[in-house]
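What follows is a short report on a single structure.
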Amino acid sequence: MRVFYWFAAITLLVAASSVALSANAQEVTPTVEATTEPIANIVPYTSPEALPDAVRLEGLRPVYQQFNRCSAAALTIQLSYFGWQGTYDDTIRALNPDAEDVAVRLDEMAAFAAAQGLKAVYRIGGTLDLLKALVAGGFPVLVENVYYDGPNAFQDWMAHNRVVMGYDDARGEIYTFDSLLGNGENNTGRPIPYADVDERWRPFNRDFLVLYRPDEEAAVQTIMADYWDEHYAAEVALQLSQAELDGGASDSFTLFNMGSSLVELGRYSEAADAFDRARQIGLPWRMMWYQYGPFDAYYEMGRYDDMLALAREVIADTPGVEESYYYAGLAYQAQGDVERAKSNYQVALIRNQSFALAQTALASVSGS
109 MRVFYWFAAI
119 TLLVAASSVA
129 LSANAQEVTP
139 TVEATTEPIA
149 NIVPYTSPEA
159 LPDAVRLEGL
169 RPVYQQFNRC
179 SAAALTIQLS
189 YFGWQGTYDD
199 TIRALNPDAE
209 DVAVRLDEMA
219 AFAAAQGLKA
229 VYRIGGTLDL
239 LKALVAGGFP
249 VLVENVYYDG
259 PNAFQDWMAH
269 NRVVMGYDDA
279 RGEIYTFDSL
289 LGNGENNTGR
299 PIPYADVDER
309 WRPFNRDFLV
319 LYRPDEEAAV
329 QTIMADYWDE
339 HYAAEVALQL
349 SQAELDGGAS
359 DSFTLFNMGS
369 SLVELGRYSE
379 AADAFDRARQ
389 IGLPWRMMWY
399 QYGPFDAYYE
409 MGRYDDMLAL
419 AREVIADTPG
429 VEESYYYAGL
439 AYQAQGDVER
449 AKSNYQVALI
459 RNQSFALAQT
469 ALASVSGS
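Heads up, the sequence shown is in my numbering, so the first residue is 109 and it goes up one at a time.
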């Protein structure tokens, strides 16, 4: 199996990518003009009910993570709130079965939660007020954000998943269970100032995951209000990026987020343009470990060589990102190179045998 993997990796790495990823995207302010179509005026979220001044949820089980396993740890913490009796090792085996798998998508987490009898909803474009409303309603929220804390070795930009389980308006803080940095005094939540929440969250288009029992769906839907509609959430995220552009406070994260939102809205040409500009300015080298919108936009625009160049770029640094092999397979398949497509789908599944998209794609080129 390993011999086959290295063969496929070499197949992907025969050419170098022309675009480098920078580690300082958040420090760059490009001068660009917005090119998106006018979007609907989205009314800022307000909770349908008055919220208490402070809330801290109880019943979450602390978990301390293994290296590059914060996703499985955060999901285990979130599941524990609902009485799940599984272990962190169970979650790792389902979500990170390969030692070099460095990231987990929210849809993968949702699918695992569904296998445990829970339901899940995940969206982009979240706000602090929405986080507070969900927590006040009794639902801890998993968020994907940037890890800045710790010694210098950990200050190179990377993603980190935390579970928001409380807030306090008087102190201006949310509280999280954090598998790397701890859970606060007496496991009552580690504080993050309100002022820091969006700075950490924005590079991931303010995405979030909510779990709930099937009989709680109406309650979650009421709290989320218009966010229950994926299109609405994508429009909110797009408007937030547009406001950053219009206000002169944008960077490559703004443009990348804009591209991701436009992909969700099916506006692939505009999305590809936004991703191109974001990549030209520079992004952290780990960015494509976690988010794959450029692949989707380029695929829809028929830019298969660009997909392959981007896949090679990711794999050259980090060969464990199974999504890169999947998208390379799509590109090869679209170009009529069935054998290379099949090889890349197979490697994606060697990396993660539960990768449903790769399973379907492999079946499509295998005649089964």
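Think of the CB as a built atom: it goes at the ideal place given N, C-alpha and C, for glycine as much as any other residue.
In this text the structure is predicted, and so the values were computed from the model without any measurement.
For this session: Inspect the beta-carbon positions of GLU430 and ARG459 and report whether they are closer than 8 angstroms.
Result: Locating residue 430 in the sequence shown gives position 322, where the first residue counts as 1. Locating residue 459 in the sequence shown gives position 351, where the first residue counts as 1. Between GLU430 and ARG459, the C-beta gap is smaller than 8 angstroms, which places the two residues in contact.
Exercise. LEU465: which of TRP192, TYR189, ALA219 and PRO170 sits nearest, CA to CA?
Worked result: Taking the sequence shown and counting its residues from 1, the one referred to as residue 465 is at position 357. Distances from the alpha-carbon of LEU465 to those of TRP192, TYR189, ALA219 and PRO170 put ALA219 closest.
Problem set entry | Extent of the continuous beta strand (DSSP E) to which ILE300 belongs | In the sequence shown, residue 300 corresponds to position 192, counting from 1. Unbroken beta strand (DSSP E) run through ILE300: 298 to 301.
For this session: Whole angstroms is fine: what's the gap from PRO160's alpha carbon to ALA244's?
Result: Position 52 of the sequence shown, counting from 1, holds the residue named residue 160. Position 136 of the sequence shown, counting from 1, holds the residue named residue 244. Their Cα atoms are separated by approximately 7 angstroms.
Exercise. Start and end of the beta strand (DSSP E) containing GLU252?
Worked result: Along the sequence shown, one-based indexing puts residue 252 at 144. Run containing GLU252: 249 to 254, per the beta strand (DSSP E) assignment.
Problem set entry | First through last residue of the alpha helix (DSSP H) which encompasses VAL344 | Indexing the sequence shown from 1 puts residue 344 at position 236. Secondary structure note for VAL344: its alpha helix (DSSP H) is the uninterrupted segment 338 to 354.
Exercise. What are the uninterrupted segments assigned as alpha helix (DSSP H) that are 4 or more residues long and contained completely in the region 422 to 468, given in chain order?
Worked result: Listed in chain order, they are 430 to 442 and 446 to 459.
For this session: Say whether the region 227 to 236 touches the region 173 to 180, bearing in mind that this needs 3 or more beta-carbon pairs closer than 8 angstroms, one atom from each stretch.
Result: The region 227 to 236 vs the region 173 to 180: no contact.
Exercise. What three-state label does DSSP hand PRO138 in the structure shown?
Worked result: Counted from its first residue, the sequence shown places residue 138 at position 30. Here the model assigns PRO138 a pLDDT of 42, short of 50, so the residue's position is not dependable and the matter cannot be decided.
Exercise. If you draw a straight line from the C-alpha of VAL305 to the C-alpha of GLN467, how long is it?
Worked result: Locating residue 305 in the sequence shown gives position 197, where the first residue counts as 1. Locating residue 467 in the sequence shown gives position 359, where the first residue counts as 1. Straight-line Cα distance between these residues: approximately 37 angstroms.
Exercise. Counting only beta-carbon atoms, is TRP309 nearer than 8 angstroms to chain C?
Worked result: No chain C appears in this structure, which consists of one protein chain only.
Exercise. Which residues share a DSSP beta bridge with ALA162?
Worked result: For the purposes of this step, residue 162 is taken as residue 54 along the sequence shown, with counting starting at 1. ALA162 has ASP276 as its beta-bridge partners, per DSSP.
For this session: Within the same chain, show all residues whose beta-carbon is closer than 7 angstroms to that of TRP309, passing over the 5 residues directly before and after it, in chain order.
Result: Stepping through the sequence shown from its first residue, residue 309 is reached at position 201. Exclusion of the five residues before and after TRP309 leaves VAL251 and ASN253 as the residues of its chain whose Cβ lies within less than 7 angstroms of its Cβ.
Exercise. Taking just the CA atoms, how far does GLU157 sit from ARG394?
Worked result: Taking the sequence shown and counting its residues from 1, the one referred to as residue 394 is at position 286. Taking the sequence shown and counting its residues from 1, the one referred to as residue 157 is at position 49. C-alpha separation (whole angstroms): 40 angstroms.
Exercise. Are the beta-carbon atoms belonging to ARG169 and ILE185 less than 8 angstroms from one another?
Worked result: On the sequence shown, residue 169 is found 61 positions in, with the first residue counted as 1. On the sequence shown, residue 185 is found 77 positions in, with the first residue counted as 1. Closer than 8 angstroms, so yes.
For this session: Give the straight-line distance between the Cα atoms of SER462 and ASP206, rounded to the nearest whole angstrom.
Result: Position 354 of the sequence shown holds residue 462. Position 98 of the sequence shown holds residue 206. Distance between the alpha carbons of SER462 and ASP206 is about 11 angstroms.
Exercise. What is the DSSP secondary structure of THR284, counted as helix, strand or coil?
Worked result: Start at 1 with the first residue of the sequence shown, and residue 284 comes out as number 176. Correct three-state label for THR284: strand.
For this session: Inspect the beta-carbon positions of MET366 and LEU346 and report whether they are closer than 8 angstroms.
Result: Counting from one through the sequence shown, the residue named residue 366 turns up at place 258. Counting from one through the sequence shown, the residue named residue 346 turns up at place 238. In this structure, LEU346 lies closer than 8 angstroms to MET366 by Cβ.
Exercise. If ALA488 sits next to VAL371, beta carbons under 8 angstroms apart, how far is it from one beta carbon to the other, in whole angstroms?
Worked result: Outside the shown range of the chain, which is 109 to 476, sits residue 488, and nothing can be said about it.
For this session: Excluding the 5 residues preceding and the 5 following TYR400 in the sequence, name in chain order all residues of the same chain whose CB lies nearer than 6 angstroms to its CB.
Result: Numbered from its first residue, the sequence shown carries residue 400 at position 292. If we look at TYR400 and ignore the five residues flanking it on each side, its Cβ neighbours are GLU431.
For this session: Thinking LEU289 and ARG298 are a contact (beta carbons under 8 angstroms), I'd like their distance in whole angstroms, please.
Result: Indexing the sequence shown from 1 puts residue 289 at position 181. Indexing the sequence shown from 1 puts residue 298 at position 190. Taking C-beta atoms under 8 angstroms as the contact rule, LEU289 and ARG298 qualify, at a distance of about 6 angstroms.
Problem set entry | Cβ-Cβ separation, ALA469 to LEU438 (assumed contact under 8 angstroms), whole Å | Position 330 of the sequence shown, counting from 1, holds the residue named residue 438. Position 361 of the sequence shown, counting from 1, holds the residue named residue 469. Indeed, because the Cβ distance is near 7 angstroms, the residues count as touching under 8 angstroms.
Exercise. So, are the CB atoms of TYR412 and GLN454 less than 8 angstroms apart?
Worked result: Here residue 412 refers to the residue found at position 304 of the sequence shown. Here residue 454 refers to the residue found at position 346 of the sequence shown. No, the Cβ-Cβ distance between TYR412 and GLN454 is not below 8 angstroms.
Exercise. Cα separation between GLU338 and TYR189?
Worked result: Counting from one through the sequence shown, the residue named residue 338 turns up at place 230. Counting from one through the sequence shown, the residue named residue 189 turns up at place 81. Those two C-alpha atoms are separated by around 25 angstroms.
For this session: Check THR143 in the structure and name its three-state DSSP category.
Result: In the sequence shown, counting from the first residue as 1, residue 143 sits at position 35. The pLDDT assigned to THR143 is 48, lower than 50, so where the model puts this residue is not dependable, and the model offers no usable value.
Exercise. Cα separation between TYR196 and LEU203?
Worked result: For the purposes of this step, residue 196 is taken as the residue at position 88 of the sequence shown. For the purposes of this step, residue 203 is taken as the residue at position 95 of the sequence shown. In a straight line, the C-alpha of TYR196 is about 10 angstroms away from that of LEU203.
Problem set entry | C-alpha distance - ASN149 paired with GLN174, whole-angstrom precision | To locate residue 149, count along the sequence shown from 1; it is residue 41. To locate residue 174, count along the sequence shown from 1; it is residue 66. Our two residues, ASN149 and GLN174, have alpha carbons roughly 43 angstroms apart in a direct line.
For this session: Taking LEU319 as the reference, give the member of PHE312, GLU343, GLU208 and VAL271 with the closest Cα.
Result: Against the sequence shown, residue 319 aligns to sequence position 211. Looking at PHE312, GLU343, GLU208 and VAL271, the one whose alpha-carbon comes closest to that of LEU319 is VAL271.
For this session: Below 8 angstroms on the Cβ atoms is my guess for LYS240 versus TYR275; work out the distance and round it to an integer in Å.
Result: On the sequence shown, position 132 is the one that residue 240 refers to. On the sequence shown, position 167 is the one that residue 275 refers to. Contact annotation, LYS240 with TYR275: C-beta distance approximately 5 angstroms; criterion of less than 8 angstroms satisfied.
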